[in-house]
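Protein chains in written order, with the numbering used here: chain A, 1 to 776; chain B, 1001 to 1192.
What follows is the structure, encoded as structure tokens:
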């Protein structure tokens, strides 16, 4: 019997043809690859830092090409040009042509024998291009595909490899994130003619080049996954031995895979996630004052701040590092308070001698920073230039017109109404570092902000805690940002211009709103309310500051950068001081009066070392202060005889646009022990400012990781009495550390307080061991 | 009547060796970085040696290495289709011009319309429609390559060396006569 089901003859023929064609296309006629392109990027000339403006100079960036780089088809996909792989060397103009009979990714090995626009290269790096980039550029296999190898092409490759994006998505996302066209984003900067796109591509090139250079170091040193994700115990036998012998509650050890060394591809991915901290584009830090964690967290009169914590993430054991305010702002700016234990910072600057701080580190990496201050005084003279410390506090009013005696520009009636000195110089964490303040960009980085007014779309802001509704009179607030309107009126009436525009634009009391609207906020933005709006002053403190913060956050939330899922944006809200107790963690120096411990090093009034410096090891010499700390009203000669005392736990919350846009979950918490030092280390990680494999690249106390302490315990007297270096160590706020099962954290917030908010007092690892900074 | 005139013209052209005649050509392409393509072919010369069709007997050398021993024992000429941005099937009408900016072809050891894996190739493309301007010399067996983007028209020369001797010109004559016969055949079919 014949089957009822027959395949028509034409169909059989078509199938045969199709299968033959398929064979042809996959094997017999596999295509060759011809590529031509340029290995390009940016030549970054770092700033020159000095304590005086005259000796300082800004950074500069030029489009560049790499001559003498090796370009190859990476047939085995390991990110290395191996023997036998088709390879060539770039010409004097960075160009190359290369062929292969097998389609494969492209790799450019930029060794120290290559040159960048003719300049020597200090440390090698690798640029890459994914196969999809070649395919997208191929019109016909017999014609040359234009494929450029740049830091940005490498970012596209990494996005395809690690984020599951298609080539088209990766290109579109990168272009959108940095604000350039998709047609320009993968061009070598030397070929970008669009005047708007070029600066953005150059900036991103510098950022990515720095990270790719780090990645090559990871490979060359044989770094392990454990090191790169911030588990410092794991890879170092010396450290591991110390943990085993010196501490009872240290079973963190190595996780699966931590001991594996990284190759180029993995190293490059880690370089964009230093210590597990994802790369961020914009960070806004709102700093509050002088309220304990328990008086704000869960408080009914701080509804907005608490909603922020609920939507984002909360750190339950975040420590202030000193008391009073000034040491904490020093720490937030540079990871050390340099022995300062008072608010006697006048005259400025306080810390001299070029040393690490966040501001210089950002400048040196081609990144930007702003300090936005509430109730900033318009300068009557229309200050035109930053001339260093002399301009900051002059009797006639300079850039830093801070002295209340000189600040009554509003007239006696206004001064009587609003008081004087609402803005506090001591709350600016950048001004303390003389080399940062002497940089030419210091004036343009110091800007105004208002906690009143509309969002960027002109919409009125509705506050979570309406004014005048509390039955408690002290919580009725009506005047957040009370100086803004009179100051603006004064500036307008007197034709005052803004120094951050080089006096080319009229003064605005809310440059922050203008920057958000124009997309010109900095990568790192430190936001300082005035002392009526930061919980510092006595009356109506909490709801008023809650409203001010709500106004600022809602402005950010209305901005295009916040609502762009390709951008990584974080808002931090924290306080300078803690619970008014000298408990601490995280790289503190307990060398203070009466504790009986040896002093690390001391200095005479003129900066001469008088302590036991002869025994300091080389690494300590590398970070020790180079001059004495100068205080305006007292002379402090022993830099580390005081300071870094700790001031107990304070509130720290982070809210990201990734959470707000539903890309990652919010509402988690982290009970690990962190501090201002940890936060500064975290900022260095998220902006790629340091190398986790080299402690000395982190600024000041932020290098005091557990491994650093353990490795150097014998020469760090301040840690000699420590029972457990886990709780003394600085670590990035990445939640890598997992508390051993037997350890119970005692939260500083009793569950019975704070409006009945249940706070985690847990034993062992947190239920959700989640990095609160995670991104998509 | 018109067809008779055309037939007469074709016969005259084939026999006279005036406007179009079989000839040998030499060509060179100097890449801007100093590497070079050299070669020769036989074809029908036109416009006083400014162009050639009916091309055969292709010989190409790139950086001193001849394109020999590839997929096809003889090199193949494919023209570029600017409409589809692909290579056309080999055709006697494919033209190589003395004016380099008019060229749109590839010479390789494969039929580039169906096979994209040659051992050798010299592509010379000036495609205004798709904004593709490049010259490519590639020897995949040696790994040597050079690319000019845009193609360097000033580096291209096409030289008519000499008319092809009669024995060599016979195929050309026969093809022209074939054309005459074809027109006659069509005329008769149409008449039926």
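All residues carry an ideal CB built from backbone N, CA and C; glycine is no exception.
With the rule of 3 Cβ pairs closer than 8 Å, the segment 165-175 of chain A counts as touching the segment 128-144 of chain A. Among the CB atoms of chain A, none fall inside 8 Å of the CB of residue 1090 (chain B).
When the Cα atoms are used, residue 110 (chain A) and residue 124 (chain A) turn out to be separated by approximately 6 Å. Interface residue (Cβ-Cβ distance to chain B less than 8 Å): residue 97 (chain A) is classified as such.
Proximity of residue 106 (chain A) to chain B, defined by a Cβ-Cβ separation below 8 Å, is not satisfied. For residue 445 (chain A), DSSP records no beta bridge to any residue. With its beta carbon at least 8 Å from every one in chain A, residue 1063 (chain B) lies outside the interface.
Chain order gives the chain A residues near residue 1130 (chain B) as 139, where near means a beta carbon separation below 8 Å. Annotated as proximal: residue 152 (chain A) and residue 185 (chain A), with beta-carbon spacing under 8 Å. For residue 1149 (chain B), at least one C-beta of chain A is nearer than 8 Å to its own C-beta. In the DSSP assignment, residue 286 (chain A) falls within the unbroken beta strand (DSSP E) covering 282-288.
Taking 3 residues as the minimum length, the beta strand (DSSP E) runs contained wholly in the segment 47-112 of chain A are 60-67, 70-73, 87-89, 95-100 and 106-110, in order along the chain. When rounded, the separation of the alpha-carbon atoms in residue 769 (chain A) and residue 732 (chain A) is 14 Å. Looking only at A:694, A:316, A:647 and A:701, the smallest Cα-Cα distance to residue 230 (chain A) is reached by A:694.
From the beta-carbon of residue 188 (chain A), no residue of chain B is found nearer than 7 Å; the closest lies around 14 Å away. Burial check for residue 189 (chain A): the Cβ neighbour count within 10 Å reaches 16 or more, so the residue is buried.
Chain B has a Cβ within less than 8 Å of the Cβ of residue 30 (chain A).
Look at the segment 650-709 of chain A and you find these whole runs of alpha helix (DSSP H), each 4 residues long or longer: 657-660 and 676-686. In its chain, beyond the 5 residues on either side, 653 have a beta carbon closer than 6 Å to the beta carbon of residue 309 (chain A).
In the structure shown, residue 1026 (chain B) adopts extended strand secondary structure according to DSSP, grouped into three states. Here DSSP, grouped into helix, strand and coil, assigns residue 1114 (chain B) to coil. Chain order gives the chain B residues near residue 143 (chain A) as 1123, 1125, 1132, 1134 and 1136, where near means a beta carbon separation below 7 Å.
One finds 1143 in chain B with Cβ atoms closer than 7 Å to the Cβ of residue 86 (chain A), taken in chain order.
Taking CB atoms only, residue 134 (chain A) has no neighbour in chain B less than 8 Å away.
Distance from the CA of residue 226 (chain A) to the CA of residue 261 (chain A), rounded to the nearest whole angstrom, comes to 9 Å. For the pair residue 282 (chain A) and residue 478 (chain A), the Cα-to-Cα distance works out to about 31 Å.
Residues of the segment 1086-1114 of chain B that bring their beta carbon within less than 9 Å of a beta carbon in chain A comprise 1086, 1087, 1106, 1108, 1110, 1112 and 1114, in sequence order.
Chain B has no Cβ within less than 8 Å of the Cβ of residue 448 (chain A). Interface with chain A (8 Å Cβ-Cβ cutoff): residue 1146 (chain B) is included. Of the candidates A:773, A:333, A:315 and A:706, the residue whose Cα lies closest to the Cα of residue 294 (chain A) is A:315. Put simply, the backbone Cα of residue 735 (chain A) is about 15 Å away from that of residue 667 (chain A).
Here residue 112 (chain A) is exposed. Its C-beta has fewer than 16 other C-beta atoms within 10 Å. Assigned with DSSP and collapsed to three states, residue 479 (chain A) falls in coil, not helix or strand.
Inclusion of residue 38 (chain A) and residue 194 (chain A) in the CB contact set at 8 Å is not warranted, their separation being larger than that value. The beta carbons of residue 291 (chain A) and residue 535 (chain A) sit closer together than 8 Å.
Residue range 1076-1081 is occupied by the beta strand (DSSP E) that includes residue 1080 (chain B), with no alpha helix (DSSP H) assigned at that position.
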